[in-house]
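Novice: Right, I'll just put the structure down here and ask away after.
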Amino acid sequence: MDWAVQRHSRNREALEASLDHARRGGIDRFIFLGDYVGYGADPGFAVDTMMREVESGAVALLGNHDAAIASGTGGMNSVAAEAIDWTRPKLDSTQREFLTQLPLTFEDGGRLFVHASAHAPEHWEYMTDVAAASRNFMATRAHATFCGHVHVPQLFHRSPTGKLAGFQPVQAVEIPLLAQRRWIAVIGSVGQPRDYNPAACYGALDTERNVLVYVRVPYDNETAARKVRDAGLPLILSSRLIEGA
Amino acid sequence: MDRRELKAGQVIDGFRLIEPLESGGMASFWRVTRHSNDLPMLMKIPLLRPGEAPLTIVGYEVEQMILPRLSGPHAPRFIAAGDFDRPYIVMEFVAGPSVTSLLNKVPSSPVEVATIGAKIAFALHDIHRQHVIHLDLKPSNVILRSDDAVLIDFGLSRHDQLPDLVQEETEGPVGTGAYISPEQVLGDRGDPRSDLFALGVILYFLATGEWPFGEPQRADNWRWRLWRDPVPPRGRNPVVPPWLQEIILRCLEVDPEARYATAAQLAFDLQHPDQVPLTQRAVRTRRDSALTVFWRWLRITRNPPRRFHRAVASHLADAPIVLAAIDLEPGHKALSQALAVAVRRVLATEPNARLACVNVLKIARLTLDKLEDAEGRNPQLGRLIELKHWARAIPVAPERVTYHVLESTDPASQLVDYARHNRVDHIVMGARASSMLRRYLGSVSAHVVAQAPCTVTVVRAPDDETAAIPTGGDTARA
């Protein structure tokens, strides 16, 4: 295995468990797809971990919640906005500075990594249907786009004849990203799931064989949920960690 | 790549082209070699010219996706695939005639039909087990290699844990007119029993020399099979025995629920003709009347059947073949009752299970034992009657149970062989109380647990003679 693609690393327990899981699985390169802060009770820990990972060669991209720390909560729902206002004073200036300088996209060998969509990345479009997927395909020439933002794992693909379709990936199954086809992999969330499975999710990509696996990692979500509750963050953010949606 | 550019001796990514083989409509085939690999190999090169049908490209993608996932003797081994600019797939060359070679010797004898049918059914069960539905089963896609049937051409297949590229590419049904199942005609590509329908068509042709639904080329005409039943095989060839007609017509049922639940269950019947439960299907000699067909047409066109999708694995999981190994020695009544309770529990959770009740008659030597006892009675017959009597305690439909008395000098190995040969999923058997001799020689159940290719549940009698034995059963995964 070569790369792990992760996003939403906001809660400490999920982040530690999935990083550990990926390292033990032999993954030697990490791309983080953004949203390190915003819903978790340990924002400082999440940002410090990212700073350390980036120092040792990982790529961390900017997510909309990270951007909102500096730019404000315009366009966010009230729960998200409340969480950002709670988070902002918990970060020191170095941590805030780290977040503001994160890039929106990263491209490598026909693969594009972005938090939301290649189509106007700074507008944080949700990749929920083939229309959004189609806009992404038009905005990039990359063979495969890896993104987050949406909390439900999805895989869009476009055939050589231009047919577009979505697919719900089955966890732990190797999916060959065929060369004739173009792909958008919406990776699930590390510790902020919305698909009724509370386990953390990351994508493991074998760059040699061009094979993607959606990996689910169970972690101590009860502790993470308790911390969110104790911190006084909106209750829904805590219960979601238990119920997985 | 254009096939006109290819010449013998040419080397593509380390593979040397040796000789061209017959080319299909969508690809050309070459026998190839590579110095590091002495397996006979075949290179399949899709004909991707501008204006080529989209299914050519998609078929190549599907095969590239599915073939590497398949293992075992029933699919060619995947070796390599080319890249975007130079598409090809290299796979094991499967030597042997295809089932097409049998089509000019029809009608085949019932035994031949059953033998070929069981081989193909085992191959299908093996790929279904690996989440793949073939969806284009036909004689040219089945190669007979010594004891096995090998399935080839997975270009229209479906892996139920991967995107279905064929479905997404096309609007209408895809398949081959003579073999396509009614549910595929309606656009459903998620049912492993579609392959059983296609196998039923092949068996029908082998048994009668005619196609049950003709060979319609145009997809519009594929719908007929939704309401027009085929002439029963015995109506075409009176030599076809009722059991074979029963099997074939069950495969050709319009509703997949009315077919065999799994290919393994179909193979089971093909291997035990005398045990096939005969229904009204077996005695039919004529097609349904025009009026019946009309009503069926009306019902289907007004109210097309809707289907719920299930994973291939779940189809197989709730339709296991359960083997109950029953000890008929006198003095083990408690054990045989406990066994019946355990079998009832297993069947209660698995609605489409088949139950095979097996008793192994231990004999001293294989050939010299007399078949009859002193009074001239056949001991096998007596045991069959006892087996049926035992099974009365199990609430299961008669058509789901079969009874078998086997003879062996080594009952444990015999049970294991039987389980392997019939793709049994679960063995339920009793363990007798411990004894000095048993401890020394080892028990039958311990041998079976150690060697069986499937799950084994060992049942103990609650109040067996020796109190030291724990009550209840223990299940081992062997």
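Going down the list, the protein sequences come from chains G and W.
Mind the numbering: the first sequence is residues 367 to 611 in the numbering used here, read in order.
Mind the numbering: the second sequence is residues 202 to 679 in the numbering used here, read in order.
From the three backbone atoms N, C-alpha and C, an ideal C-beta is built for every residue, glycine too.
In this structure, does DSSP put HIS326 of chain W in helix, strand or coil?
Specialist: Mapped onto the second sequence, residue 326 of chain W falls at position 125. It is helical.
Novice: Please list, in chain order, the chain W residues whose beta carbon lies closer than 9 Å to that of LEU521 of chain G.
Specialist: Numbered from 1 along the first sequence, position 155 holds the residue referred to as residue 521 of chain G. Near LEU521 of chain G (Cβ distances below 9 Å), the residues of chain W are PRO364.
Novice: Would you decide whether GLU220 of chain W is buried or exposed? Buried here means 16 or more other CB atoms lie within 10 Å of its CB.
Specialist: Along the second sequence, one-based indexing puts residue 220 of chain W at 19. With fewer than 16 other Cβ atoms within 10 Å, it is exposed.
Novice: In chain G, which residues lie less than 9 Å from MET242 of chain W when you measure between Cβ atoms?
Specialist: Within the second sequence, the letter at position 41 stands for residue 242 of chain W. Near MET242 of chain W there are no residues of chain G at all, since even the closest Cβ is about 20 Å away, more than 9 Å.
Novice: Work out the CA separation of ALA662 of chain W and ALA535 of chain W for me, nearest whole Å.
Specialist: The count along the second sequence starts at 1 and reaches residue 535 of chain W at position 334. The count along the second sequence starts at 1 and reaches residue 662 of chain W at position 461. Looking at the two C-alpha atoms, the distance is approximately 5 Å.
Novice: Against GLN546 of chain G, what residues of chain W qualify as contacts under a CB-to-CB distance less than 7 Å, listed in chain order?
Specialist: The count along the first sequence starts at 1 and reaches residue 546 of chain G at position 180. Ordered by position in chain W, the residues that pass the 7 Å Cβ test against GLN546 of chain G are ILE258, GLU262 and PHE285.
Novice: According to DSSP, MET292 of chain W sits in a beta bridge with which residue or residues?
Specialist: Here residue 292 of chain W is taken as the residue at index 91 of the second sequence, counted from 1. In DSSP, MET292 of chain W forms a bridge with W:LEU243 and W:PHE279.
Novice: If you compare alpha carbons, which of G:ALA447, G:SER459, G:LYS456 and G:VAL518 is closest to ALA482 of chain G?
Specialist: Locating residue 482 of chain G in the first sequence gives position 116, where the first residue counts as 1. The candidate whose alpha carbon is nearest that of ALA482 of chain G is G:VAL518.
Novice: Please report the straight-line C-alpha distance between THR656 of chain W and CYS558 of chain W, rounded to a whole angstrom.
Specialist: Residue numbering aside, residue 656 of chain W sits at position 455 when the second sequence is read from its first letter. Residue numbering aside, residue 558 of chain W sits at position 357 when the second sequence is read from its first letter. Cα to Cα, THR656 of chain W sits roughly 16 Å from CYS558 of chain W.
Novice: Among W:ASP389, W:ALA620 and W:LEU607, which has the Cα closest to the Cα of GLN652 of chain W?
Specialist: By 1-based counting over the second sequence, the position of residue 652 of chain W is 451. Comparing Cα positions, the closest option is W:ALA620.
Novice: Listing by chain order, which chain G residues have their CB less than 7 Å from the CB of PRO255 of chain W?
Specialist: Start at 1 with the first residue of the second sequence, and residue 255 of chain W comes out as number 54. The answer, in chain order, is THR527.
Novice: For ARG359 of chain W and ASP408 of chain G, I'd like the C-alpha separation in whole angstroms.
Specialist: Within the second sequence, residue 359 of chain W is the residue found at index 158, counting from 1. Within the first sequence, residue 408 of chain G is the residue found at index 42, counting from 1. C-alpha separation (whole angstroms): 44 Å.
Novice: Quick one: list the residues of chain W neighbouring PHE533 of chain G, beta-carbon separation under 7 Å, in chain order.
Specialist: Working through the first sequence from its first residue, we reach residue 533 of chain G at position 167. Those within 7 Å of PHE533 of chain G in chain W are PRO364.
Novice: If distances are taken between C-alpha atoms only, which option among W:ASP284, W:ALA539 and W:PRO612 comes closest to ASP575 of chain G?
Specialist: Here the question's residue 575 of chain G lines up with position 209 in the first sequence. With the sequence shown as reference, residue 575 of chain G is identified as Arg, and Asp is not the correct amino acid for it. Out of W:ASP284, W:ALA539 and W:PRO612, W:ASP284 has the C-alpha closest to the C-alpha of ARG575 of chain G.
Novice: With H, G and I counted as helix, E and B as strand and the rest as coil, what does DSSP make of VAL523 of chain W?
Specialist: The residue you call residue 523 of chain W lines up with position 322 of the second sequence. Strand.
Novice: Quick one: give me the first and last residue of the beta strand (DSSP E) that PHE410 of chain G is part of.
Specialist: Reading the first sequence from its first residue, position 44 is the one you call residue 410 of chain G. Before going on, a small fix: residue 410 of chain G reads as Gly here, not Phe. Element bounds for GLY410 of chain G: not the beta strand (DSSP E) but the alpha helix (DSSP H), 409-421.
Novice: Does any C-beta atom of chain G lie closer than 8 Å to the C-beta of MET266 of chain W?
Specialist: Taking the second sequence and counting its residues from 1, one reaches residue 266 of chain W at position 65. Yes, MET266 of chain W lies at the interface with chain G (some Cβ there is under 8 Å from its Cβ).
Novice: How close, in whole Å, do the beta carbons of ILE586 of chain W and ARG555 of chain W come, if the pair is a contact with beta carbons under 8 Å?
Specialist: Residue numbering aside, residue 586 of chain W sits at position 385 when the second sequence is read from its first letter. Residue numbering aside, residue 555 of chain W sits at position 354 when the second sequence is read from its first letter. Actually they do not touch by this definition, with Cβ atoms about 21 Å apart.
Novice: Mapping the DSSP letters down to three states, classify ALA662 of chain W as helix, strand or coil.
Specialist: Position 461 of the second sequence holds residue 662 of chain W. In the structure shown, ALA662 of chain W sits in coil (DSSP, three-state: anything other than H, G, I, E or B).
Novice: Could you tell me the alpha carbon to alpha carbon distance between ARG487 of chain W and PRO241 of chain W, rounded to whole angstroms?
Specialist: In the second sequence, counting from the first residue as 1, residue 487 of chain W sits at position 286. In the second sequence, counting from the first residue as 1, residue 241 of chain W sits at position 40. Going by the C-alpha atoms only, they are around 48 Å apart.
Novice: Taking only runs that begin and end inside the region 318-389 of chain W, name each unbroken beta strand (DSSP E) of 3 or more residues, in chain order.
Specialist: For the region 318-389 of chain W, whole beta strand (DSSP E) runs of length 3 or above, ordered along the chain, are 343-346 and 349-352.
Novice: Verify whether the separation of the beta carbon atoms of LEU479 of chain W and PRO311 of chain W is less than 8 Å.
Specialist: Mapped onto the second sequence, residue 479 of chain W falls at position 278. Mapped onto the second sequence, residue 311 of chain W falls at position 110. Contact flag unset, no.
Novice: How far does the beta strand (DSSP E) with GLU473 of chain G in it reach, from first residue to last?
Specialist: On the first sequence, position 107 is the one that residue 473 of chain G refers to. Unbroken beta strand (DSSP E) run through GLU473 of chain G: 471-474.
Novice: From which residue to which residue does the alpha helix (DSSP H) around ASN502 of chain G run?
Specialist: Residue mapping note: residue 502 of chain G aligns to position 136 of the first sequence, counting from 1. Its alpha helix (DSSP H) spans residues 496-505.
Novice: Output the distance between the C-alpha atoms of LEU325 of chain W and ALA634 of chain W, rounded to the nearest integer angstrom.
Specialist: In the second sequence, residue 325 of chain W corresponds to position 124, counting from 1. In the second sequence, residue 634 of chain W corresponds to position 433, counting from 1. Spanning the two alpha carbons is a distance of roughly 41 Å.
Novice: Could you tell me whether any Cβ in chain G is nearer than 8 Å to the Cβ of GLU369 of chain W?
Specialist: One-based indexing of the second sequence puts residue 369 of chain W at position 168. Cβ-Cβ to chain G under 8 Å: yes for GLU369 of chain W.
Novice: Kindly list the residues whose CB is nearer than 8 Å to the CB of VAL594 of chain G, restricted to its own chain and excluding five residues on each side of it in sequence; keep chain order.
Specialist: For the purposes of this step, residue 594 of chain G is taken as the residue at position 228 of the first sequence. If we look at VAL594 of chain G and ignore the five residues flanking it on each side, its Cβ neighbours are ASN377, TYR405, GLY406, ALA407, LEU603, SER604 and LEU607.
Novice: In chain order, which continuous runs of the beta strand (DSSP E) of length 3 or greater are located wholly inside the region 573-655 of chain W?
Specialist: You should have 602-609 and 627-631.
Novice: Can at least three beta-carbon pairs, one atom from the region 584-592 of chain G and one from the region 378-392 of chain G, be found at a separation below 8 Å?
Specialist: The region 584-592 of chain G, when compared against the region 378-392 of chain G, does touch it at the 8 Å Cβ threshold.
Novice: If you measure between the beta carbons of VAL597 of chain W and LEU548 of chain W, is that distance less than 8 Å?
Specialist: Here residue 597 of chain W corresponds to residue number 396 of the second sequence, with the count starting at 1. Here residue 548 of chain W corresponds to residue number 347 of the second sequence, with the count starting at 1. A contact, by the Cβ cut-off of 8 Å.
Novice: For LYS245 of chain W, collect the residues of the same chain with a Cβ closer than 6 Å to its Cβ; drop the 5 residues on either side in sequence, then sort them by chain order.
Specialist: Position 44 of the second sequence, counted from the start, is the residue given in the question as residue 245 of chain W. Excluding residues within five positions, the ones whose Cβ falls inside 6 Å are ALA228, PHE230 and ILE290.
Novice: Is ILE501 of chain W near TRP428 of chain W, with beta carbons less than 8 Å apart?
Specialist: Translated into positions along the second sequence, residue 501 of chain W becomes position 300. Translated into positions along the second sequence, residue 428 of chain W becomes position 227. Against a cut-off of 8 Å, the Cβ pair of TRP428 of chain W and ILE501 of chain W comes out as a contact.
Novice: For TYR461 of chain W, which residues from the same chain have a beta carbon less than 8 Å from its beta carbon, with the 5 sequence-adjacent residues on both sides left out?
Specialist: To locate residue 461 of chain W, count along the second sequence from 1; it is residue 260. So the list reads ARG394, LEU397, ARG451, CYS452, LEU467 and ASP470, once near-sequence residues are dropped.
Novice: In three-state DSSP terms, what is ALA535 of chain W?
Specialist: Position 334 of the second sequence, counting from 1, holds the residue named residue 535 of chain W. Here ALA535 of chain W sits in helix by DSSP.
Novice: Could you check if GLU530 of chain W is buried or exposed, using at least 16 other CB atoms within 10 Å of its CB as the buried criterion?
Specialist: Residue mapping note: residue 530 of chain W aligns to position 329 of the second sequence, counting from 1. Looking at its Cβ environment, which holds fewer than 16 other Cβ atoms inside 10 Å, GLU530 of chain W is exposed.
Novice: For LEU385 of chain G, is the classification buried or exposed, using 16 other Cβ atoms within 10 angstroms of its Cβ as the cut-off for buried?
Specialist: Residue numbering aside, residue 385 of chain G sits at position 19 when the first sequence is read from its first letter. Looking at its Cβ environment, which holds 16 or more other Cβ atoms inside 10 Å, LEU385 of chain G is buried.
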